[in-house]
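Here is the structure we will look at, set down as structure tokens.
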Amino acid sequence: MNLRKKSGGAALVFSGSAANKTVSNAKFIWMMAASVAGFLLALLANAFFPQAAHSAAFKEYTALGVTLDMNGAYRLTLALLIALYAGGGIFAYFAPSGRAKYAKRAAFLFALGAALALWDIFGTKLSLLPQPFFPGPAKIIESFLIEGGYIWQNTLYSLRLFAVGFLAGVAFGIGTGILIGWFPKAYYWVYPVLKTTGVIPAVAWMPFALTLFPTPFSAAAFLIIICVWFPVASLTAAGISGTPKTYFEAARTLGAKTPYLVFRVAIPHAMPNIFTGISTATAFAFTTLVIAEMMGQPGGLGYYINASKVWSAYYKVFAAIVVMAILFSVIMRALELVRGRVLRWQKGMVKS
Amino acid sequence: MSVQPLPIGGLGIDAINRPHIDTSAKRADIARSENPSPSSDGEILKIDSVTRTYTDAEGNTVEALRDVSLSVKRGEFVSIIGSSGCGKTTLLRMIAGLDAPESGELVLNGERIARPSQKLGYVFQQGSLFPWQTVEQNISAGLKARGVYKERKADVKTYIELIGLTGFEKSFPHQISGGMAQRVAIARALINNPAVLLLDEPMGALDSLTRADIQCKLLELWKKRNTTMVLVTHDVDEAIFLSDRIVIMTPRPGKIQGFISVKIPHPRHRGGIEFLSIRRDILEVLHLARANPAPEYMI
Ligand SMILES: Nc1ncnc2c1ncn2[C@@H]1O[C@H](COP(=O)(O)OP(=O)(O)OP(=O)(O)O)[C@@H](O)[C@H]1O
Ligand SMILES: [Mg+2]
């Protein structure tokens, strides 16, 4: 019957679109070369460009039986990046679906490597950038040689604080959102409070939080909770109360009672909204996290930035920023994966 | 609005030579008292002088249904046909317990219908499948909602086979065609073993080929399961092809004008003489037979 053909048709469409994106072998090898060439350039620049205006040798550090100065560590990092992208390229070469994605990134990676080379030359080699505000890339990496363990500890502190505040805030926000979205009474009493307190940046509560909570950690967690709570709660509520009546009616004619209507109809319907709330909340939470740490935590990346600034160790500030960029990107990516998994049913139904 | 004088049989046609027309429905307005219902022993659903008015946004009242009575026999296939806005959906929603009548009573198996339940399955015109559930999950929704999924898990597969959707179990509603989606909606309601299956123009949004396909499926299911069916439709052919009895309604206020029994044995031929004669009668009653139907009877 005509239904049987559907999968065949889908396969056709798929191979058609894949054909458009297929990257030929020769072109792909070029792309692989471009991906690593920038970093290679940076590595060569660091190794062979003469060092001006720096008479003394760079300080050496020994870790895990290896002795390195900052340039050595920088070159090691570049070598790791080269290995990573070359490896990724070889992997993508044999997985045709990954080729297009890899090829698309090649130009950017080349530019990134070239920019590192320039930065290294002007920042470190020629010392043309104003110091100590704009250290070269190698100098930033030196922070990890000096106190990698300490940075790691602070990273863990931030991560723990974020996890506690964020997860509790999401749970609390979804809970409030369900109540507001489902019960008109809850909407009447809670929604105005949510609306007016929600727009206040969470860090404004800092003085209260610090006096009300026993530890700085719990105070900061509280701030993250309230900044996550607001967007998650209001979007959950909108998603729940916006559920088309037909779905409830259909469920009731199937014998469903209230728990099913809430948990299997209203909440699934609100899921796309809930995730929109969560991604907004994530950005708020990062801000709140760093500001809270800068204003009175015994640890964390924000604290580390503050502490380094006092000693004018701007290269350490940059190091903390690099760690944050990586950490926050990983968190965002993880959330995206969860979202894609939960909202699998929307795939192909909505744009993007 | 004028009710036209109806000479014989209340239907404006010569009923003497047409045995399928229920002459007991003398006039639309007395159809209630002389409801040509089957004897009460086989009766599963009883609608007793139901009235419903709506108030629209401007505060005007719309009499959606006035004094509607209808009795449906166990295992019967009843179709309701009538022009747009004559209260068919209103009536069906009240049977399902989704709306309450203003006056009158609806009774299922001797029990007043007060709220929706799985006993009264409902198939909406379109778009009532849960988009976040796969075909399989949609069909098992009722079983899960009632906590009988474990025992009846095997039935889900049977129903998927029955509606010809094997291979699409894991598809989401937006990934299947409209006709397939309506078959899923029918299976989702039927798996609950409803006493009555209510269908509100379930094929209204489909093309005629798909429609014919689903009509056959529906008949097949009906014969196999012997579920009582109440179908709202705009399509005269569909009503004749499927039903034992056709209820004709008139608008403003929504009333039952008459009943037509269809005694043609299944499978029915859409071009058969009896089929066409019934078709002509219905069109006549609906004032659609001639070139310029009275505007208020436009379907
Ligand atoms: N919720 C409502 N509020 C106000 N008026 C309503 C409402 N539902 C139905 N009506 C009115 O009641 C009348 C009957 O509506 P109903 O939906 O039952 O018609 P119908 O026979 O199903 O029409 P169609 O064939 O177009 O679906 C219409 O005049 C309509 O305007
Ligand atoms: Mg309708």
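Chains as they are written, first to last, in our numbering: chain A, 212 to 563; chain B, 27 to 325. Note that CB positions come from ideal geometry on N, CA and C, so glycine has one too.
Practice task
With distances taken Cα to Cα, identify the nearest neighbour of leucine 289(A) among Ala536(A), Ala258(A) and Ala432(A).
Solution key: Checked all of Ala536(A), Ala258(A) and Ala432(A); the closest Cα to leucine 289(A) is Ala258(A).
Handout entry: Residues near phenylalanine 497(A) in its chain [Cβ-Cβ closer than 6 Å; skip 5 each side]
Key = Apart from sequence neighbours up to five positions away, the residues of its chain that approach phenylalanine 497(A) with a beta-carbon distance below 6 Å are Phe539, ordered along the chain.
Exercise for the section: Assign histidine 295(B) to one of two classes, buried (16 or more other C-beta atoms within 10 Å of its C-beta) or exposed (fewer than that). Expected result: Histidine 295(B) comes out exposed.
Practice task
Count the CB pairs spanning the segment 449-457 of chain A and the segment 471-490 of chain A that are closer than 8 Å, and state whether there are at least three.
Solution key: Flag = yes, the segment 449-457 of chain A and the segment 471-490 of chain A touch.
Problem - Boundaries (first-last residue) of the alpha helix (DSSP H) holding isoleucine 357(A) - result: Start and end: 348-393.
Practice task
Give the DSSP-derived three-state secondary structure of tyrosine 399(A) in the structure shown.
Solution key: Helix.
Handout entry: Range covered by the beta strand (DSSP E) that runs through arginine 463(A)
Key = Judged by DSSP secondary structure, arginine 463(A) falls outside any beta strand (DSSP E) and instead within the alpha helix (DSSP H) spanning 456-464.
Handout entry: Limits of the unbroken beta strand (DSSP E) element including phenylalanine 333(A)
Key = Run containing phenylalanine 333(A): none; DSSP gives neither H nor E here.
Practice task
Could you tell me whether the segment 111-128 of chain B touches the segment 215-224 of chain B, using the rule of 3 or more Cβ pairs below 8 Å?
Solution key: Counting Cβ pairs under 8 Å, three or more are found: they touch.
Practice task
Could you tell me whether any non-hydrogen atom of ligand 1 is closer than 7 Å to the CB of serine 110(B)?
Solution key: At least one heavy atom of ligand 1 is nearer than 7 Å to the Cβ of serine 110(B), so yes.
Exercise for the section: Could you please give the first and the last residue of the uninterrupted beta strand (DSSP E) stretch that includes valine 288(B)? Expected result: Element bounds for valine 288(B): n/a, residue is neither H nor E.
Handout entry: Any non-hydrogen atom of ligand 4 closer than 7 Å to glutamate 246(B) Cβ
Key = As for ligand 4, it is missing from this structure, which binds only ligand 1 and ligand 2.
Handout entry: Residue from Ser234(B), Ile304(B) and Asn218(B) whose Cα sits closest to the Cα of tyrosine 175(B)
Key = Distances from the CA of tyrosine 175(B) to each of Ser234(B), Ile304(B) and Asn218(B) were compared; the closest alpha carbon is that of Asn218(B).
Handout entry: Amino acids of chain A, ordered along the chain, whose beta-carbon sits closer than 8 Å to that of asparagine 86(B)
Key = Simply none; closest approach about 23 Å.
Practice task
Provide the residue(s) that pair with tyrosine 272(A) in DSSP beta bridges, ordered along the chain.
Solution key: Beta-bridge annotation (DSSP): tyrosine 272(A) is paired with Leu279(A).
Practice task
Could you run through the segment 385-412 of chain A and flag, in chain order, every residue whose CB is less than 8 Å away from some CB of chain B?
Solution key: Flagged: no residues at all.
Exercise for the section: Look at the Cβ atom of lysine 350(A), then the Cβ atom of glutamine 262(A), and state whether they are nearer than 8 Å. Expected result: With respect to the 8 Å criterion, lysine 350(A) and glutamine 262(A) are not classified as neighbours on the basis of their beta carbons.
Exercise for the section: Just list the alpha helix (DSSP H) runs in the segment 277-320 of chain A, keeping only unbroken ones of 4 residues or longer that don't cross its boundaries, in chain order. Expected result: You should have 281-305.
Practice task
Return yes when the C-beta of lysine 114(B) is under 7 Å from any heavy atom of ligand 2, and no when it is not.
Solution key: Lysine 114(B) Cβ: within cutoff of ligand 2.
Practice task
Return yes when the C-beta of asparagine 88(B) is under 7 Å from any heavy atom of ligand 1, and no when it is not.
Solution key: With the sequence shown as reference, residue 88(B) is identified as valine, and asparagine is not the correct amino acid for it. Yes, since a heavy atom of ligand 1 falls inside the 7 Å radius drawn around the Cβ of valine 88(B).
Practice task
Can you have a look at glycine 297(B) and say buried or exposed, based on whether 16 or more other CB atoms are within 10 angstroms of its CB?
Solution key: Exposed, because fewer than 16 other Cβ atoms sit within 10 Å of the Cβ of glycine 297(B).
Problem - Residue span of the alpha helix (DSSP H) that contains methionine 575(A), given as start and end - result: Residue 575(A) lies beyond the stretch modelled for chain A, which goes from 212 to 563, so this question has no answer here.
Practice task
Would you list the residues sitting across from leucine 91(B) in a DSSP beta bridge?
Solution key: DSSP, once it has assigned bridges, lists Arg78(B) as partnering leucine 91(B).
Problem - Option nearest arginine 237(B) by Cα separation, candidates Asn252(B), Val262(B) and Leu216(B) - result: Checking every option, the nearest Cα to that of arginine 237(B) belongs to Val262(B).
Handout entry: Unbroken stretches of the beta strand (DSSP E), 3 residues or longer, contained in the segment 130-206 of chain B
Key = Whole beta strand (DSSP E) segments, 3+ residues: 146-149.
Handout entry: CA nearest to the CA of isoleucine 301(A), picked from Ala253(A), Lys396(A) and Asn236(A)
Key = Ranking Ala253(A), Lys396(A) and Asn236(A) by CA distance to the CA of isoleucine 301(A) puts Asn236(A) first.
Practice task
Within its chain, find whatever has a CB closer than 7 Å to the CB of threonine 79(B); leave out the 5 residues flanking it on each side and keep chain order.
Solution key: Contacts found: Thr87, Val88, Glu89, Ala90 and Glu128.
Problem - Contact belief for valine 443(A) with valine 381(A) at Cβ below 8 Å, rounded distance in angstroms - result: Right, the Cβ-Cβ distance comes to about 6 Å (below 8 Å), so this counts as a contact.
Practice task
Could you check the C-alpha separation between tryptophan 522(A) and serine 429(A) for me, to the nearest Å?
Solution key: Cα-Cα distance, rounded: 28 Å.
Practice task
List the residues of chain B whose Cβ lies closer than 8 Å to the Cβ of methionine 560(A), in chain order.
Solution key: Ordered by position in chain B, the residues that pass the 8 Å Cβ test against methionine 560(A) are Pro157, Phe198 and His200.
Exercise for the section: Output the distance between the C-alpha atoms of leucine 472(A) and lysine 170(B), rounded to the nearest integer angstrom. Expected result: Straight-line Cα distance between these residues: approximately 12 Å.
Problem - Boundaries (first-last residue) of the alpha helix (DSSP H) holding leucine 254(A) - result: Its alpha helix (DSSP H) spans residues 236-259.
Problem - Local conformation of valine 561(A) per DSSP, three classes - result: Reduced to three states, the DSSP call for valine 561(A) is coil.
Exercise for the section: Give me the Cα-Cα distance between arginine 58(B) and serine 75(B), rounded to the nearest whole angstrom. Expected result: For arginine 58(B), the predicted structure reports a pLDDT of 32, less than 50, and the residue's modelled location is therefore unreliable. A value from the coordinates is still provided. Taking the Cα positions, arginine 58(B) is about 7 Å away from serine 75(B).
Exercise for the section: Enumerate in chain order the residues of its own chain whose CB-to-CB distance from isoleucine 308(B) is below 6 Å, with the five nearest sequence positions on each side excluded. Expected result: Once the five neighbours on either side are set aside, the close Cβ partners of isoleucine 308(B) are Val262.
Problem - Nearest candidate by alpha-carbon position, reference lysine 99(B), set Thr116(B), Asn135(B), Gly190(B) and Ala126(B) - result: Asn135(B) is the residue among Thr116(B), Asn135(B), Gly190(B) and Ala126(B) whose C-alpha sits nearest the C-alpha of lysine 99(B).
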